[in-house]
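Working notes, beginning with the structure itself.
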Amino acid sequence: MTLHKAAEQRDIIDSPEETAHLARTWYSPRGFPGWFTQVNQRMIGKRFIITAFIFFLLAGILGLLMRLQLAAPEQQLLGPELYNQFFTMHGTVMMFFFAIPVMEGVAIYIVPLMVGTRDMAFPRLNAFGYYVYLIGGIVLFGSLLLGMAPNAGWFNYVPLAGKLYSPGYGVDVWTTMITFIEVSALTAAVELIVTILRMRAPGMSLNRMPLFVWAALVMSFMIVFAMPAVIVSSTLLILDRLVDTQFFIVESGGEPLLWQHLFWYFGHPEVYIILVPALGMISTIIITFTGRPIFGYTALVLSVVAIGFVSFGLWVHHMFTTGLPQLGMSFFTAASAMIAIPSGVQIFCWIASLWGAKIRFHTPMLWVLGFFAIFVIGGLTGVMVASIPFDTQVHDTFFVVAHFHYVLIGGAVFPLIGAVYYWWPKIIGRMMNETAGKWSFWLAFIGFNITFFPMHQLGLEGMPRRIYTYADEMGWGDLNMLATIGALVLAVGFGITLVNAIWSVSRGRPAGTNPWNAPTLEWATESPPASYNFRHIPVVESRWPLWDWQRQDERRVVTGLRNDRREVVLTSVLDASPVGVQVLPGPSIWPFASAVAASTGFIGIIFHPIFFVIGFFLVFFSLVAWFWPRRPWRND
Amino acid sequence: MNDRVPKRLVARARHRLVVRLTIIGVAVAIAMVAGAATFVFWGAYNVSALQQHTEPVYTLLNTALNRSIRQRAEDIEVPPLDDPAMAEQGLRYYREKCVQCHGAPGISRDDVGKGMTPVPSNLAHTARSRSPAEIFWTIKHGIKMTGMPSWQFIFTDAEIWEIVAFLMQMPRLSPADYQAWVAEVKKASTSATPPVSTPDPERGRLAMYGYACIACHRIPGLVGPQVDVGPPLEGIGERRYIAGVLTNNFDNMVHWLQHPTEVDPLTAMPDLGVTEQDAMNIAAYLSLLD
Amino acid sequence: MRVLEAVDVSGMSRFNPDRRAPLWWGILGLITIESAVVLTFCVSYLYLAAYAETWPPTGKVPPILWPSINLGLLLLSSFTMYLAGQGINRGDKRVLAIGVTTSVLLATVVLVLRSLELMAYEFSWKDHAYGSIVWAISVFHYVHVTSIVVGSAVVAILAWRGYFTRERQIGVVVDTNYWYFVCIAWIPFYLLLYWVPRLYVG
Amino acid sequence: MTTKPAFSVLLMPLFFAVGCNESEVMSLPGDPAKGKMAIAAYGCGSCHAIPGILGANGRTGPPLERIAERTYLAGVLPNTPEQMMRWIRIPEAIDPLTAMPNMDVSVNDARDITAYLYTLK
Amino acid sequence: MIPGTRSRAIVILGAGIATLLSGCSGSQSALNPAGSAADLIARLWWPTLVVASLVTMLVLALLLVAIFRAHKKGAALPLSARQSRNLVIACGIILPLAATIPFALSSFSIGREIDAPLPDGALTVEVVGKLWWWEVHYLDETGGRIATTANEIHIPVNEPVRFLLKSDNVIHSFWVPNLQGKTDMMPGRTNVTSVTANQPGIYRGQCAEYCGTQHALMAFLLVAEEPEAFEAWLEGQRQPAMEPATAQEMLGREVFLNEDCADCHAIRGTSAEGQDGPDLTHIASRRTLAAATTPNRIGHLGGWITDPQHIKPGNQMPSTELSPANLQALLSYLGSLE
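Those protein sequences? They're chains A, B, C, D and E, same order as listed.
Every letter in the first sequence is one number past the one before it in our numbering, and letter 438, counting from 1, is 470.
Every letter in the second sequence is one number past the one before it in our numbering, and letter 130, counting from 1, is 370.
Every letter in the third sequence is one number past the one before it in our numbering, and letter 178, counting from 1, is 230.
Every letter in the fourth sequence is one number past the one before it in our numbering, and letter 99, counting from 1, is 102.
Every letter in the fifth sequence is one number past the one before it in our numbering, and letter 277, counting from 1, is 655.
Okay, structure coming up:
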């Protein structure tokens, strides 16, 4: 493929006036009104990340309070009501309001930069997704303050979550907020898919795409196929609760197990939705800090895709104790064990890449190395619980609590924090403190293991999950005390990163364009990037464009995009040859208005079904206003 | 240049003066606090009822007392007091509760009233020197550290006014008049109990000071000697039994407060003559303790 | 570092080069998501049916005439929508306007018929799981038909005002695609709601 | 509870100073540690809040905090170790009206329980 | 009280590798099996633990080698592409297969062994999950209920016992870690599990599926005893309640029948036939109260009757206002129901 369409290559010299004009075109409105009209992808991504970390902090505090309650037998700190609300909120917030949004947020921020474009395909939809997410999160935490938080667990099993056994608004809040997060996640997923497929820099064919972009693509597809199941199941539940349908009422022919199937059909891929982007982050960090191409690019891509596919065939292993036929369940044992292969391939591709390399042990790399130790343990216990007989002993015990915290914190949060340290200079323009970063890592690593390793043993000693207290005779006190101490250490570890981040915003060392000498496109623009991301859309000729440019001391770019409106290059799906130019919309209040309209409907139906109709028409009118073409209709 | 130096010197001198004065002030303050503490902890002041306060202390306290009563009685509205029936009712109460310490025309005070410091006033004289509002306030609230109790949980406001009405008559009564009036009153029957109004927890809380509940129990919300003669009443509202012998509900609590020995003859809790209204108020307060 | 020009896009179309504009992909994403929702509804229906002793609980199969007519009308409206799309491809604004309007009218007829049909259901969603799932699927699809009717009505208004041209037709493309989806989604629902009980009971 | 004797020794001068007769408590032969276990076993905590006993936060009877300082037991008995033992063993014989059931507490257990309760000051 | 001593296993945390050592004994522990199924599972667990530890150590060892290779020599010493490929194939594909295939196969065979059908004449116990306690019925060959109790299940040792698990409210899970893995109690279905105790003893079981407010305090005791003792116990449970022997107990029965107790509780042989709470016909024979929340001593019973909401907040038993005399009588009566 030739990209050299211009008759002869000429040097490009930018006039400051043109650059200023371009900056004005892509300018995000500031100030209070600007908050509600910004659509630039980096603004939205940053908001997603910050909001998600605030929820992480709050849910983490809930987790700490639960650990304090369990630190010793028969404690009186939290009663059963409060404890049940806390663990429900902790799970729900961590899974729905932290893990997915933060991964999406990082993808929304980084992916357009990585693929070398100026914004995402649907900037306003992006903003809409964020507002929906924000409103959902605020309402959910509001319900906790009002004492009507959901308390039927993040998995919300019926009939416990039904109207008969969970009266009040708690579960209604849960189902409604899940709908919010579904909408938000799905818009972001579609957004990412289209951006990745159609807006890559010319020359960035699929086999040159950075691994994190691959991971974001797989994550988005998984969201598209997994979320609908929970949309339907939460709809059925809310109908049962609000208008007396009988989907889960046994006496009327309903089936509680239907909920479990639908929920876990979503719920299991959900775990991998969180894990997959983290795998992409790890690859990215390893490439940068080993300073050489990664081994097994194709194998890594294929194994991420394979993980995505296989994850849809595992959901029944959450249901091994429900009395389903043994033979049918055995298939899921096999499938669950088989996920070890793509995971193994990933891990050993990374080890092969690290082997003998001159590794720079900066903070992001430490968090990735921490990932290895933790994730391997979590993965192995995952294989263990895939065994039906063994699972009948540890299912719903602290063994499982330990297992999935090893997978989720080790597999997702550690790489995520590594990624925060890694991309922070790009986002903020300043470096975080290395010493504090290392302290943070070691405290979190040690604290994490002290917290969650003993839980394996607690589970085997018969301590079930979701209990607010236990008797002294059970003998679980010592290990629980140990775990609580670990949790405090872990909290201090994360706390240092928080302080480090806040400190660095004003005091950090200026980062420069490419502080880590990384090879991907996001490092080709200044830190933080200008409103238009790239002065010129780059042209890519390998997987490691920045290293190429360094070697050749020259680079090629696209010209011909207008400065007076938001134009981006469209490229073909497979080999990314330029096929056209898309004009993107600018700031608008309508995404916010639509989000408020949708929220009115969703929140209203908790109180009366008529709000469904009201919400429907409110959303309709705000969408018409959103899309209505502005006169004069442009003729170009 | 010339006047800069003196200025600086003046500033320095002033500064030094301020520092010294501060040091002296702090030292004096510390010395005073230490002295006061020593005085108190050494037990230097004699609290014996046999010895009157020293003259300066007496004057100080007396002035404080007068000023305090006048200040607080200022806003009290005085109802008409000239109804003889009122004074007559007041006499009955006076004979029940007041004469023991204060005496009456021609009637000596009891032993308690004789041995007190400060000595209980002669009320025939008081009625001359104080306004009805001041007398009312004094009866209602009592006076700290004099032995004069607060009567507001024994008498309603109306009843206290009846006493005031009587006291206003007293300077005019000769011992013989007094005796005659007493004889007359003795013939008539005692008044009926006042109607009971809805229980008020806040009044109940104050009533427990009035009945000296804090002399035996620790009660959340009340300041007292914190002794454990009886059980602490923390959480009494959630307690299943009263005194281990009566299921804990409102009616039972009212009954118990009024007549503990009737419920359990063995109990150490005395009958305090709690009125029904006060018992209800107290029970209302106790039911809030959880 | 030298910055060289490699690609000049100034001459490229600012309109959708191959009809596969980002918005086309976006609507494809929406259709994919909604198809998964449709599929999940179907699975739920079959799951409930599989564990039921009798299906429907009353043993009475729902009447099939009007739903079949609705199916025909929906497919017909898809065809008129298709003609409308073809029209604007040729640049014929009039065909577009007439086609979209016809489709909207046809779908409105479907809505009226469906309303009558729903009102005639002999059972409520409160009666049993069968009633719940039938009502849920019916209302789900009803709402979708309503949304394409109101959405396409807006497109029709713009069409009559001559907004769409051969180049500026992404709005029509998106609308027709979603229209096809809603009409086609009725096919599995139709089979489930009206044929499965017949085959199951019979 | 091993700290208790040392603590008492420290407080000795104070007892002399206030003229309190500590001898009967000190001479009590029961074992507070055993008493603690006995209290848990007999279920005293289901009705009484007892400091130092896990899960003993009952609200049926009065709280036993500072029970050693209490003047009367159950409002009817002067509080001495002998009386407390008697009350624990046969409450209904002392006050027929009481809601406290006879729990068949053995003499030794009653002694240990009393010893523990007397540590609550 | 629950017998059995515990020895705390030693937890070693080191270099990210940690190993569970030694067995623990406890009355509610999967590591201290006393039943056939739990024994099989424990036998699957220990080798699995060993292999998993080895794999963890291997991966981390390779990681350390990978990291420190270059540092020793001071220059980059990467693997060749071929070496890398072999490493990935050997450790990333063959190793997981080699580890998981035997594991999955032994898991299947153990699963089948545990699920093997029981002989027809096996003792059948029906357990119904309640909010938040366990109703227990002993069934005869035809499925008729011959005895009803709650929160304490007796079984003969060394005999397979069939458990029919039901729920009429939310989902619970029946779990006695020392004897058998858990099986959920699904409303509208009857799940079946079997338990064979190999040693006499008292084992604690606990609800393992979150079931609402008092999920934490929903436990039971499973008493495995010699067949003779079991037969005697079952015979005792089949009998109606004992008649009161003293005036005090007689009064207690009156209190039971006249206060609200009989609305929810049944005592066979009296007019008390309430079905909402546990059957109290032989309550004095049970070791615990309130679903193994407290021991069954008269002190606990008194506190439980007067103030159940404080001992187990949110449970379905309301507190009853009983005069001291009635309470005393009720306690003596219930205490007599051996």
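C-beta atoms are modelled at their ideal positions from N, C-alpha and C, and glycine is treated no differently.
The model shown is predicted, which means the values in this text are computed figures rather than measured ones.
One thing to note: C:I79 has its Cβ within 8 Å of the Cβ of C:Y230. Note that the segment 493-500 of chain A does not touch the segment 411-418 of chain E; fewer than 3 beta-carbon pairs, one per stretch, sit closer than 8 Å.
The C-beta of D:G58 comes closer than 8 Å to at least one C-beta of chain A. A straight line joining the alpha-carbon of D:L57 with that of D:A71 spans about 19 Å. Taking the beta carbon of B:T487 as reference, the chain E residues within 7 Å of it are E699, L700, S701, listed in sequence order.
Taking all protein chains in view, the Cβ of B:A289 is surrounded by fewer than 16 other Cβ atoms within 10 Å, so the residue is classified as exposed. Within 8 Å of the CB of D:A77, the CB atoms of chain B belong to A483, G484, in sequence order along the chain. In this structure B:R307 is exposed. Its beta-carbon is surrounded by fewer than 16 other beta-carbon atoms within 10 angstroms. Scanning E:L436, E:G566, E:V443, E:L635 for the CA closest to the CA of A:L386 turns up E:V443. Contact of E:T684 with chain B is assigned, a C-beta pair being separated by under 8 Å. The alpha-carbon of E:M596 is positioned some 46 Å away from that of B:Q517.
The beta-carbon separation of B:V503 and B:M520, rounded to 17 Å, does not stay under the 8 Å limit for a contact. Not a single CB atom of chain D sits nearer than 8 Å to the CB of A:E113. In this structure the segment 503-522 of chain A lies against the segment 103-113 of chain A, because at least three pairs of beta carbons, one per stretch, are closer than 8 Å. Ranked by how close their Cα comes to the Cα of A:I44, the residues C:E57, C:V61, C:M64, C:S65 have C:E57 in first place.
Closest in C-alpha terms to E:R421, from the list E:I488, E:A468, E:F634, comes E:I488. Looking at the backbone, the Cα of A:P144 and that of A:A562 are separated by about 13 Å.
Counted as a single uninterrupted DSSP element, the alpha helix (DSSP H) harbouring A:D510 occupies residues 509-539. The Cβ atoms of A:I637 and A:L274 lie closer than 8 Å to each other.
E:I524: member of the beta strand (DSSP E) spanning 523-528, first to last residue. Setting aside the 5 residues that flank it on each side, C:I116 is surrounded in the same chain by Y246, each with a C-beta closer than 6 Å to its C-beta; the list follows chain order.
Within chain A, the residues T353, T424, Q425, H427, D428 have their CB atoms less than 8 Å from the CB of E:K560, given in chain order. Going by beta carbons, E:Q592 and E:K690 fall inside the 8 Å limit. Taking C-beta separations shorter than 6 Å and ignoring five residues to either side along the sequence, the partners of A:R230 in its chain run L602, following chain order.
Restricting attention to C:L125, C:W177, C:G143, C:E86, the CA atom closest to the CA of C:L165 is found in C:L125. Taking 8 Å as the upper bound for CB-CB distance, C:S190 and C:L210 are not in contact here, some 31 Å apart.
Under the rule that a run must span 4 or more residues, the alpha helix (DSSP H) segments found entirely inside the segment 236-281 of chain A read 243-275.
Residues of chain E with a Cβ closer than 7 Å to the Cβ of A:R498 are, in chain order, Y588, H593.
If you draw a straight line from the Cα of C:S176 to the Cα of A:E283, it comes to about 16 Å.
Across the structure, A:M254 and A:G340 are spaced so that their CA atoms are roughly 7 Å apart. Beta-bridge pairing by DSSP links E:S572 to E:R540. In this structure, the alpha-carbon of A:P325 lies about 16 Å from that of A:V572.
Taking 8 Å as the threshold, the shortest C-beta distance from E:I419 to chain A falls below it. One Cα belongs to E:V433, the other to A:S265, and the distance between them is close to 39 Å.
In the three-state scheme derived from DSSP, where H, G and I count as helix and E and B as strand, A:I318 is classed as helix. Non-local C-beta neighbours of A:A444 in its own chain, meaning closer than 7 Å and more than five positions away in sequence, comprise A131, I306, L307, A310, ordered along the chain.
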